[in-house]
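Q:
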Amino acid sequence: MMSPTVLVTGGAGFIGSHLVPALLQRSWAVRVLDNLSPQIHGQIPGRLDWLTRSGIDFQRGSATEPDDVQRSIAGVDTVIHLAAETGTAQSMYEIERYNLVNSQATATLLQAIERAPNRQVRRVILASSRSIYGEGAYRCANCDGERVYPPPRTLDQLRAGRWQPTCPHCAAPLVAIPTRETDPPATASIYAATKLAQEDLIRIACTSMGIDYCILRLQNVYGEGQSLQNPYPGLIAIFSTRLRRGLQLPLFEDGLCTRDFVHVSDVAEAFCRAASSDEPLSSTLNVGSGSATTIRDVAVALATALDVEPRMEVTGQYRLGDIRHNCADVSALRSSLGFAPQVAIGDGMSRFASWVKGEPLPEDNLDRANRELQARKLMG
């Protein structure tokens, strides 16, 4: 019997470079559609030689081009849709591009599936984002421990250094708690809005076509192979370059923002399990470590793994659209796919540091990116 074929859009990127080999190990036939964007890949480096590996059908093309997409889905059993523009800050002034590459490309993919003369696609799996939750879930002690969802922090709050969200009912300080898939969306950036649009398109179109789907809301993914050239997403990559160059690490706000950092190998495993599930899914699942880590602690852990002394500065700066805290409830991931992320933050940092030490030292582009945001009044 022939192996099932999976199409991975954006499969030459960071997550794809871990996911595609994992799928091959599970005897999937893999097709990759990727435009090899210079912002992500640089000038098509030799490290993409892995795409010529036996079992990979690589098609260079764009997820925004209907002809490329239609050609790529021929004979495909499962689609894993990774192709997207990432980065909250950049999305606030690259609105049209983010909508095209994220929202419209998803519509193009679904239209191609709907129009396929001999439709074989049985499942579509989307790489979504925790950004759709906005600030996410908190607990208010004054409101009998009620689960509350604060709105995005205002410009006045940020200018005044009032970093912590307050209860929308009584204005009391809040305590962050793990966010569940059933918590309401509250998008605070263009990027988040496009990811939520992707989710709605997938859910509605797949249901109408009788195709199974799974939406994986990824938390802060890090690990070996992530882009070191792109200064917009990827805090750990940005910090690694500055540490290697002996530069100061700027900690925004008070340095105590938290994120749920999940290693890319755990993310790849979640996608593999979703693709291989014998049971219908038609569900939305958080993919994270289930633990919150402060930006300061991440900086220290990375410096330790790189064996350098960190020079950190709490800058009091902020970016519009950024959230204060982030931690995922991953109980649904365990129950649906029988899996919980395995890589602890310390181990993940060691693995990342070992890889990055062997990479060419990139230019530090953080200051340039920050100047762009400041010029557009998106950063203070």
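Residue numbers (the working numbering): 22 to 401. Glycine is no exception: its CB is placed at the ideal position from the N, C-alpha and C atoms. All figures in this text were calculated on a predicted structure; none of them were measured in a lab.
1. For residue 29 and residue 36, what's the separation of their Cα atoms in angstroms?
2. Please determine, among 25, 55 and 87, the residue with the shortest C-alpha to C-alpha distance to residue 47.
3. Just to confirm, is the Cβ distance from residue 348 to residue 200 under 8 Å?
4. State the start and end residues of the unbroken alpha helix (DSSP H) segment that holds residue 257.
5. Out of curiosity, what's the CA-to-CA distance linking residue 73 and residue 79?
6. Does the beta carbon of residue 100 come closer than 8 Å to any beta carbon on chain D?
7. Any idea what DSSP makes of residue 100, helix, strand or coil?
8. Mapping DSSP to helix, strand and coil, what is residue 107?
9. Report buried or exposed for residue 191, applying the criterion of at least 16 other Cβ atoms within 10 angstroms of its Cβ.
10. Please give the ranges of any beta strand (DSSP E) in the region 157-245, keeping only runs that are unbroken, at least 3 residues long and fully inside the region.
11. Using the beta-carbon count (16 or more within 10 Å), is residue 135 buried or exposed?
12. What is the rounded straight-line gap between the Cα of residue 395 and the Cα of residue 92?
13. Give the straight-line distance between the Cα atoms of residue 195 and residue 53, rounded to the nearest whole angstrom.
14. In whole angstroms, what is the alpha-carbon distance linking residue 34 and residue 247?
15. Are there 16 or more other CB atoms within 10 angstroms of the CB of residue 176, so buried, or fewer, so exposed?
16. Ends of the alpha helix (DSSP H) at residue 322?
17. Give me whichever residues DSSP pairs with residue 271 in a beta bridge.
18. Using the beta-carbon count (16 or more within 10 Å), is residue 236 buried or exposed?
19. Excluding sequence positions up to five away, which residues of its chain have a Cβ less than 6 Å from the Cβ of residue 319?
20. Among residues of its own chain, excluding the 5 on either side of residue 231, which ones have a beta-carbon nearer than 7 Å to its beta-carbon?
21. Three or more C-beta pairs under 8 Å: does that hold for the region 363-375 against the region 297-306?
22. Counting C-beta neighbours from all protein chains within 10 Å, is the total for residue 138 16 or more, i.e. buried, or is it exposed?
23. Starting from the C-beta of residue 304, find all residues in its chain whose C-beta is less than 7 Å away, skip the five residues before and the five after it, and write them out in chain order.
24. Using CA coordinates, which residue listed in 337, 359, 390 and 382 is at the minimum distance from residue 183?
25. Measure the C-alpha to C-alpha separation of residue 187 and residue 340 and round it to an integer number of angstroms.
26. For residue 88, is the classification buried or exposed, using 16 other Cβ atoms within 10 angstroms of its Cβ as the cut-off for buried?
27. Per DSSP, what are the beta-bridge partners of residue 347 in this structure?
28. Cutting at 7 Å between CB atoms, please list the residues of its own chain near residue 205, excluding the five before and the five after it.
29. For residue 79, does the three-state DSSP call read helix, strand or coil?
30. So, under 8 Å CB-CB, residue 130 and residue 181 are touching, yes? Tell me the CB distance rounded to an integer number of Å.
31. Would you say the region 322-334 touches the region 266-277, given that touching needs at least three Cβ pairs under 8 Å?
32. Under 8 Å between the Cβ atoms of residue 106 and residue 119?
33. Please report the residue range of the alpha helix (DSSP H) in which residue 366 lies.
34. Which residues in the same chain as residue 382 place their Cβ atom closer than 6 Å to its Cβ, once the five residues preceding and following it in sequence are excluded?
35. Which class does residue 127 belong to by DSSP, given the choice of helix, strand or coil?
36. Report buried or exposed for residue 62, applying the criterion of at least 16 other Cβ atoms within 10 angstroms of its Cβ.
A: Taking the coordinates as given:
1. Locating residue 29 in the sequence shown gives position 8, where the first residue counts as 1. Locating residue 36 in the sequence shown gives position 15, where the first residue counts as 1. Rounded to whole angstroms, the gap between the alpha carbons of residue 29 and residue 36 is 10 Å.
2. As a working note, residue 47 is residue 26 in the sequence shown. Residue 25 is the option with its Cα nearest to residue 47.
3. Taking the sequence shown and counting its residues from 1, one reaches residue 348 at position 327. Taking the sequence shown and counting its residues from 1, one reaches residue 200 at position 179. Their beta carbons are under 8 Å apart, which means residue 348 touches residue 200 by this criterion.
4. Along the sequence shown, read from residue 1 onward, the residue named residue 257 stands at position 236. Residue 257 -> alpha helix (DSSP H) spans 256-265.
5. For the purposes of this step, residue 73 is identified with residue 52 of the sequence shown, where counting begins at 1. For the purposes of this step, residue 79 is identified with residue 58 of the sequence shown, where counting begins at 1. C-alpha separation (whole angstroms): 7 Å.
6. Among the protein chains of the structure shown there is no chain D, as only one such chain exists.
7. Reading the sequence shown from its first residue, position 79 is the one you call residue 100. Strand at residue 100.
8. Your numbering for residue 107 matches position 86 in the sequence shown. Correct three-state label for residue 107: coil.
9. Counting from one through the sequence shown, the residue named residue 191 turns up at place 170. Counting the other Cβ atoms within 10 Å of the Cβ of residue 191 gives fewer than 16, which makes it exposed.
10. Restricting attention to beta strand (DSSP E) runs no shorter than 3 residues, the region 157-245 encloses them at 159-161, 167-169, 233-239 and 241-243, ordered along the chain.
11. Taking the first residue of the sequence shown as position 1, residue 135 is located at position 114. By the neighbour-count definition (other C-beta atoms within 10 Å, threshold 16), residue 135 is an exposed residue.
12. Counting from one through the sequence shown, the residue named residue 395 turns up at place 374. Counting from one through the sequence shown, the residue named residue 92 turns up at place 71. If you take the alpha carbons of residue 395 and residue 92, they lie about 42 Å apart.
13. The count along the sequence shown starts at 1 and reaches residue 195 at position 174. The count along the sequence shown starts at 1 and reaches residue 53 at position 32. Each residue's alpha carbon lies about 44 Å from the other.
14. Mapped onto the sequence shown, residue 34 falls at position 13. Mapped onto the sequence shown, residue 247 falls at position 226. Near 8 Å, if we compare the C-alpha coordinates of residue 247 and residue 34.
15. Here residue 176 refers to the residue found at position 155 of the sequence shown. Exposure of residue 176 is indicated by the presence of fewer than 16 other C-beta atoms within 10 angstroms of its C-beta.
16. Indexing the sequence shown from 1 puts residue 322 at position 301. Note, residue 322: alpha helix (DSSP H), 316-327.
17. Along the sequence shown, read from residue 1 onward, the residue named residue 271 stands at position 250. As computed with DSSP, residue 271 is found in a beta bridge with 334.
18. In the sequence shown, the residue the question calls residue 236 occupies position 215. Looking at its Cβ environment, which holds 16 or more other Cβ atoms inside 10 Å, residue 236 is buried.
19. Taking the sequence shown and counting its residues from 1, the one referred to as residue 319 is at position 298. Once the five neighbours on either side are set aside, residue 319 has no close Cβ partner at all.
20. Indexing the sequence shown from 1 puts residue 231 at position 210. None.
21. At 8 Å Cβ cutoff, the stretches do not touch.
22. Position 117 of the sequence shown, counted from the start, is the residue given in the question as residue 138. Classification for residue 138: exposed.
23. In the sequence shown, counting from the first residue as 1, residue 304 sits at position 283. These residues qualify, in order along the chain: 235 and 357.
24. Residue 183 sits at position 162 when you count from the first residue of the sequence shown. Checking every option, the nearest Cα to that of residue 183 belongs to 337.
25. As a first step, residue 187 is located in the sequence shown; it is residue number 166 there, counting from the start. As a first step, residue 340 is located in the sequence shown; it is residue number 319 there, counting from the start. About 18 Å.
26. Along the sequence shown, one-based indexing puts residue 88 at 67. Label assigned to residue 88: exposed.
27. Reading the sequence shown from its first residue, position 326 is the one you call residue 347. In the DSSP assignment, residue 347 forms no beta bridge with any residue.
28. If you number the sequence shown from 1, residue 205 lands on position 184. Excluding positions up to five away in sequence, the list reads 170.
29. Position 58 of the sequence shown, counted from the start, is the residue given in the question as residue 79. Strand.
30. Sequence index remark: in the sequence shown, residue 130 carries index 109 (1-based). Sequence index remark: in the sequence shown, residue 181 carries index 160 (1-based). About 44 Å separates the Cβ atoms of residue 130 and residue 181, ruling out a contact at the 8 Å cut-off.
31. For the pair of segments examined, the region 322-334 was found to touch the region 266-277: the number of CB pairs separated by less than 8 Å reaches three.
32. In the sequence shown, counting from the first residue as 1, residue 106 sits at position 85. In the sequence shown, counting from the first residue as 1, residue 119 sits at position 98. Yes, the pair counts as a contact, with Cβ atoms nearer than the cut-off.
33. As a position in the sequence shown, residue 366 is number 345, starting the count at 1. Membership of residue 366 in the alpha helix (DSSP H) is indicated by the continuous run 366-377.
34. Within the sequence shown, residue 382 is the residue found at index 361, counting from 1. Take residue 382, set aside five residues on each side of it, and the residues of its chain with a beta-carbon closer than 6 Å to its own are 265, in chain order.
35. Indexing the sequence shown from 1 puts residue 127 at position 106. DSSP places residue 127 within a helical segment (H, G or I) once states are collapsed to three.
36. Sequence index remark: in the sequence shown, residue 62 carries index 41 (1-based). With a pLDDT of 47 at residue 62, under the threshold of 50, the modelled position of this residue cannot be trusted, and the question is left open.
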